[in-house]
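Single-structure report; data block below.
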Amino acid sequence: MRIAVIATYTHPSRLPLKEPSIMQSAAPELIAGLCPDHVDVEIYNEKERAIPFDRHWDLVLFSYLHSHYEHAKVLSAIFRKRGMKTVAGGRHACLYPQDCLKHFDAVVVGEPESNILELIKDCETGCTKGIYRNPSSRHLNVRPSRYDLIDYRTNKKRVPGLEASRGCNFACNFCVLTGREKYRFRPVHEVIDEIVFNVRWNENFFGLAKDKFVFLDNNLGGSPQYLKELCHALIPLRKIWGCSLSFNILRNEELVKLMAKAGCRYVYTGLESLNPESIDSMGKGQNSIGEVDRITQKAFSHGTMVSFGLLIGADGDSNEYLERLPEYLAELKHAFVTFIGIVCPYPGTPYFRTLKSEGRIISGVISRDFDGYTLCHQPAQMSPTELIEHYHRLCRHVGSVRNMLRHCISSLFSSNAQWYKTIALFSGAEMLSTTKPLLNGRRRYIAGLDPIEDWDAEQMDKLGILPQLIG
Ligand code: B12
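Per this note's numbering, the sequence shown runs over residues 24 to 494.
Structure, rendered in C-alpha cells:
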C-alpha cells in the first residue's frame with residue numbers, strides 16, 4: 024500500500040507563495056512514524072513545495088489548519104477523482120467531522136496514535152468506518168517520528184521539530200486548546216532517546232544547521248518541574264534549541280538560566296498585548312506587562328533570545344491604544360516582536376462563543392478567513408476598517424529595517440554564549456517577516472472581502488465545492 028501524508032498550506036497574503044522556513048508542521052513525519060512497516064510512506068509539506076499531481080497513492084492523509092480547509096478539500100476531491108482514498112485529521116477535523124466526511128473518505132477525530140493503525144488496516148481491507156474516534160491514552164504516548172523522510176534539500180533552512188508535551192494548562196479565551204487539550208508530557212528519557220537515536224539533522228550550510236532543533240510544544244513550560252528535568256537531561260547532549268512557552272516561566276530566572284545552559288537559544292512567548300484591559304479580556308493573567316523589558320534583558324544575558332507575539336483587536340483595544348502602540352513598543356529597550364496578528368475567534372473557543380452570542384462574528388466568514396491575519400469579528404471600540412489601518416501601520420513599524428537594527432544593537436552584545444549572536448541576528452531578520460501578510464496589495468483583511476486564492480476558487484467552481492461558512 025502506498026501512502027502520502029500531506030501538511031497543506033496557504034500563504035497569509037493569499038498569493039501562491041511557499042515559505043521554506045525553519046519551522047514546518049511536524050505532523051507528516053509523526054503520522055508516517057505510526058504507519059506499519061509494510062506500507063510505503065511519503066511525506067509532503069506544502070509550505071515548502073508544491074504537491075506533485077503525477078504520483079499515485081492508495082491513501083492520502085491530510086493535516087491542515089482551519090484556514091487551509093478549502094484548499095485541502097480541493098486536493099482531496101482531485102485525488103478522489105483519481106481513485107485514491109483521502110483522510111482528514113487535526114484540530115479542524117475534530118471539530119467538524121461531519122462536514123469533513125462530505126469531502127474525505129474518512130476523518131480522524133482525536134490523536135493519531137490511537138487511530139492510524141486501525142484506519143490503515145480498514146483501508147487495506149477496503150472497509151473504512153468514516154469517523155475514527157478512539158480515545159487518547161491518559162499518558163502521552165508519542166511514537167518516534169520518521170525524520171528520515173524529511174528532505175532538507177527542498178528546504179535548506181528547516182530544523183527538525185520535536186514534541187515533549189501536548190496541550191496547555193492555561194485557559195486563554197481565544198486559544199484553540201482551551202477546554203480541549205489537557206497538558207501532558209512524555210517521559211524525559213523518551214525525548215532524549217528521540218534526539219540521540221532518531222532525529223536526522225539538517226547538514227546544510229557546511230554543517231552549521233546540524234544539532235539544532237525546535238520544540239514544537241504549545242507550552243514547553245507547562246510543568247516547570249518537568250522542564251527542569253528535561254533541561255538537566257539535555258545539558259550533556261550539547262544541542263542548540265528553541266521553544267515556545269508561557270510568560271510565567273520567563274519570570275523564573277533560575278529556570279531561564281538552566282534552559283540556556285541546556286542549549287536553549289530562542290524562546291517565543293505570546294505577549295499578545297501591552298494593554299491591561301485586553302490582557303484581562305483574553306484571560307491571559309500570566310502575562311505581566313510591567314516586567315517584560317527586565318525579564319527579556321535577563322534572558323538575553325543568560326544567552327537566550329526572547330521574542331514576542333502581539334495580537335490586536337481584542338475588546339480592550341481602543342483607537343488611542345493602537346495609535347500609540349508603536350510608541351509603547353519603542354519604550355521597550357529589549358523586548359521585541361516577531362509576530363503581529365489579529366485576534367481570531369477560532370471556532371470551538373470561549374472567545375468564539377462570546378462573540379457569536381453577541382452577534383459580532385462577521386457574516387459570511389468562511390474557514391479560509393481563520394488564519395490569524397483576517398478580521399473575523401466586529402471590534403468592540405472601532406470599525407473594522409480602522410482596525411485594519413492600525414494593523415498595516417503596526418506591521419510596517421515592527422517590520423522596518425530601523426526597528427530591526429534597533430533590536431540587533433540592544434541584544435547583540437548581551438551575551439557571549441555559543442550561538443547567541445547568530446540567533447540574535449537571525450531574530451532581527453525575522454522581524455522583517457511581520458510585513459509578509461502585506462505582500463498582496465489587493466488584500467483587505469476583513470472576512471468576506473478577500474476572495475480565496477485564484478487556483479482554489481477555480482477548482483472549487485469546477486468541482487462544485489462550496490466554502491465552509493462559519494458562525
Ligand atoms: C509549526 C506551527 C506553525 C507552522 C506550520 C503550520 C501547521 N500546518 O501546523 C506555521 C508557521 C505556518 C504556523 C502558522 C500559524 N500558526 Co501555528 N503552530 C505551529 C505549532 C508550533 C506546531 C505545529 C506542529 O507541527 N505540531 C506538532 C504536530 C505533530 O502536531 P499538530 O500539528 O498539533 O497535530 C496534532 C493533531 O492536530 C493531530 N493531527 C494533525 N494533523 C493530522 C492529520 C491526521 C490525518 C491525523 C490523524 C491527525 C492529525 O495529530 C497531531 C498530534 O496530536 C503549533 C503549536 C502546536 N504544538 O500544535 C502552532 C499552532 C498550530 N498555530 C497556531 C496559530 C494560531 C498560528 C497562526 C495564526 C499564527 C501564529 N500564532 O503563529 C499562523 C497561521 C496559521 C493558519 N494559516 O491558520 C495555533 C492554532 C491554529 C489553528 N488554526 O488551529 C497553534 C495550535 C498554536 C496555538 N496554541 O495557538 N504555525
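Built from N, CA and C at the ideal position, the CB exists for glycine as well.
Residue interval of the beta strand (DSSP E) (run including residue i)
i, result
"residue 393", "Taken as a continuous stretch (DSSP letters only), residue 393 belongs to no beta strand (DSSP E), as it is neither H nor E."
"residue 82", "82–86"
"residue 365", "360–365"
"residue 108", "108–112"
"residue 410", "It is not in any beta strand (DSSP E) - residue 410 instead sits in the alpha helix (DSSP H) that spans 407–421."
"residue 25", "25–30"
"residue 278", "Per DSSP, residue 278 belongs to no beta strand (DSSP E); it is in the alpha helix (DSSP H), 276–284."
"residue 465", "First-last for residue 465: undefined, no H or E at that position."
"residue 63", "63–68"
"residue 263", "263–267"
"residue 335", "328–335"
"residue 295", "287–295"
Residue i, enclosing alpha helix (DSSP H) - first and last residue
i, result
"residue 17", "Nothing can be reported for residue 17, as the shown portion of the chain is limited to 24 through 494."
"residue 315", "315–325"
"residue 46", "Per DSSP, residue 46 belongs to no alpha helix (DSSP H) and is neither H nor E."
"residue 426", "424–435"
"residue 483", "477–486"
"residue 353", "342–354"
"residue 376", "373–380"
"residue 495", "A query on residue 495 cannot be resolved here, the shown segment of the chain reaching from 24 to 494 and no further."
"residue 213", "211–216"
"residue 302", "299–305"
Alpha-carbon to alpha-carbon, residue j and residue i
i, j, result
"residue 183", "residue 467", "35 Å"
"residue 99", "residue 439", "50 Å"
"residue 427", "residue 455", "7 Å"
"residue 44", "residue 287", "19 Å"
"residue 458", "residue 422", "6 Å"
"residue 494", "residue 475", "18 Å"
"residue 396", "residue 411", "10 Å"
"residue 113", "residue 391", "16 Å"
"residue 49", "residue 485", "32 Å"
"residue 446", "residue 452", "10 Å"
"residue 249", "residue 148", "43 Å"
"residue 165", "residue 136", "7 Å"
"residue 351", "residue 375", "29 Å"
"residue 230", "residue 294", "34 Å"
"residue 224", "residue 218", "10 Å"
"residue 126", "residue 117", "14 Å"
"residue 197", "residue 120", "21 Å"
"residue 176", "residue 265", "22 Å"
"residue 316", "residue 353", "11 Å"
"residue 174", "residue 72", "11 Å"
"residue 487", "residue 69", "23 Å"
"residue 429", "residue 279", "24 Å"
Would you call the segment 56–69 and the segment 25–33 touching, i.e. three or more CB-CB distances under 8 Å?
Enough Cβ pairs lie closer than 8 Å, so yes.
- Task: Report yes or no: do three or more beta-carbon pairs, one from the segment 184–192 and one from the segment 234–242, lie closer than 8 Å?
- Result: At 8 Å Cβ cutoff, the stretches touch.
- request: Determine, using beta-carbon pairs with one atom in the segment 200–220 and one in the segment 142–153, whether at least three such pairs fall under 8 Å.
  value: With the cut-off at 8 Å, the segment 200–220 and the segment 142–153 do not touch.
- prompt: Which parts of the segment 85–151 are runs of the beta strand (DSSP E), unbroken and 3 residues or longer, counting only runs that do not cross its ends?
  reply: Within the segment 85–151, the complete beta strand (DSSP E) runs of at least 3 residues are 108–112 and 129–131.
Pairs of beta-carbons, one from the segment 333–351 and one from the segment 295–304, closer than 8 Å: are there three or more? By the Cβ rule, the segment 333–351 counts as touching the segment 295–304, because three or more pairs are nearer than 8 Å.
>> If we require 3 or more residues per run, which beta strand (DSSP E) segments fall completely within the segment 231–257?
In response: 235–238, all fully within the segment 231–257.
Contact between the segment 357–366 and the segment 305–324 is defined here as three or more beta-carbon pairs at a separation below 8 Å; is this criterion met? Yes, the segment 357–366 touches the segment 305–324.
Looking at C-beta atoms only, is the number of pairs between the segment 272–285 and the segment 243–263 that lie closer than 8 Å three or more? At 8 Å Cβ cutoff, the stretches touch.
| message | Under 8 Å, with one C-beta from each stretch per pair, do the segment 187–199 and the segment 170–178 reach the 3-pair mark? | response | Result no; under three Cβ-Cβ pairs closer than 8 Å.
Is it true that the segment 311–318 meets the segment 379–388, where meeting means three or more beta-carbon pairs spaced less than 8 Å apart? The segment 311–318, when compared against the segment 379–388, does not touch it at the 8 Å Cβ threshold.
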